[in-house]
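Taking full-length UniProt numbering, the leading residue of the sequence shown gets 1, the next gets one more, and so forth. In this text, a Cβ means the ideal position worked out from N, Cα and C, and glycines have one as well. The next block holds one structure in the form of structure tokens; read it before the comments.
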Amino acid sequence: MSVDETAPLRVLVVDGDPHVRANVISLLDGSDELQVVAETADPGNALSLAERLKPDIVLLDAAAARTGHAGPLSRSSRVFVLASPDDHGVEVALRGGACGHLVPGSFTVPDLIRSVRDASRTSLGLSAREAEVMDLIATGRSNGEIARQLFLSEKTVKNHVNRIYSKLGVSSRATAIALWRGMMSVLPAKD
């Protein structure tokens, strides 16, 4: 898998309702930031697809979440449950390792991207300012460009970058970007 910051995030859509699945895929296909790499109605099949394709994001329906599929899928991907907020599957999935949930027909591509970034920020322990700097790093901006955009000195930006690298346990921009974008599968497993 490429850690190139311009590569789209790879998505696996798992939903037993063919209409919901088709609507979600149609929404995502219109984005340059996301690429649907596979779809399935069968949560059991989702596990083998995830192992083989290494998606960055798995969108999982509530029925699959209720049966415990979020946990195994969350080991290598950011999992979001597709369900209404009051669905019991959301709670089960969040306890099992899902990052959050989205309501089918109510979320947009920017909502999904924001959810992935929020999940990354929370799980990676970055402050709000560090997350803002990391967002700009992930778009390919240099420290000087980030400083000008955020009205900071370049030295302050360098300090933020150093703290980000320390918190993430990385030594390169490419690896930091991969973590930020949710591409956990490109990194060696932590023991």
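Could you check if residue i is buried or exposed, using at least 16 other CB atoms within 10 Å of its CB as the buried criterion?
| i | result |
| --- | --- |
| Arg10 | buried |
| Val80 | It should be noted that the sequence gives Phe, not Val, for residue 80. Under this definition Phe80 is a buried residue. |
| Arg181 | buried |
| Asp87 | buried |
| Arg66 | buried |
| Ala62 | buried |
| Arg78 | buried |
| Ala93 | buried |
| Asp29 | exposed |
| Asp191 | Confidence at Asp191 is low in this model, with a pLDDT of 36, below 50, so its placement is unreliable and the value that follows should be read with caution. Label assigned to Asp191: exposed. |
| His160 | buried |
Enumerate in chain order the residues of its own chain whose CB-to-CB distance from residue i is below 7 Å, with the five nearest sequence positions on each side excluded.
| i | result |
| --- | --- |
| Glu39 | Val13, Arg21 and Ile25 |
| Ile113 | Glu33 |
| Leu27 | Val109 |
Taking residue i as the reference, give the member of the options with the closest Cα.
| i | options | result |
| --- | --- | --- |
| Gly16 | Asp135, Ile146, Leu82 and Ser120 | Leu82 |
| Gly97 | Ala119, Ser76, Ala70 and Ser120 | Ala70 |
| Pro104 | Leu60, Ala174, Leu136 and Leu94 | Leu60 |
| Phe64 | Leu53, Lys54, Asp42 and Ser76 | Before going further, note that residue 64 is Ala rather than Phe in the sequence given. Comparing Cα-Cα distances from Ala64 to each of Leu53, Lys54, Asp42 and Ser76, the minimum goes to Asp42. |
| Ser76 | Arg117, Leu49 and Glu132 | Leu49 |
| Leu136 | Gly125, Arg117, Leu124 and Ser123 | Arg117 |
| Asp111 | His19, Ser31, Val170 and Pro18 | Ser31 |
For residue i, collect the residues of the same chain with a Cβ closer than 6 Å to its Cβ; drop the 5 residues on either side in sequence, then sort them by chain order.
| i | result |
| --- | --- |
| Ala46 | Val14 and Thr40 |
| Val90 | Val81, Ala83 and His101 |
| Leu53 | Val37 and Ala38 |
| Arg121 | Ala131 |
Specify, as a first and last residue, the run of the beta strand (DSSP E) that residue i falls within.
| i | result |
| --- | --- |
| Glu51 | Here Glu51 belongs to no beta strand (DSSP E); instead the alpha helix (DSSP H) covers Pro43 to Leu53. |
| Glu39 | Leu34 to Thr40 |
| Val13 | Leu9 to Val14 |
If I measure Cβ to Cβ from residue i and keep anything under 8 Å in the same chain, skipping five residues before and after, which residues do I get?
| i | result |
| --- | --- |
| Ala147 | Ser153, Glu154, Thr156 and Val157 |
Following the continuous alpha helix (DSSP H) through residue i, name the residue where it begins and the one where it ends.
| i | result |
| --- | --- |
| Ser173 | Reading off the sequence, residue 173 comes out as Arg, not Ser. Residues Arg173 to Trp180. |
| Leu152 | Counting along the chain, Leu152 falls outside any alpha helix (DSSP H), and DSSP gives it neither H nor E. |
| Asp29 | Pro18 to Asp29 |
Next on the checklist: To test your reading of the DSSP string, which unbroken beta strand (DSSP E) runs of 3 or more residues are found completely within the segment 60-109?
Outcome noted: 78-82 and 100-102
Item to check | Segments of 4+ residues assigned as alpha helix (DSSP H) that fall wholly inside the segment 109-141 | outcome: Runs of the alpha helix (DSSP H) inside the segment 109-141: 109-124 and 128-138.
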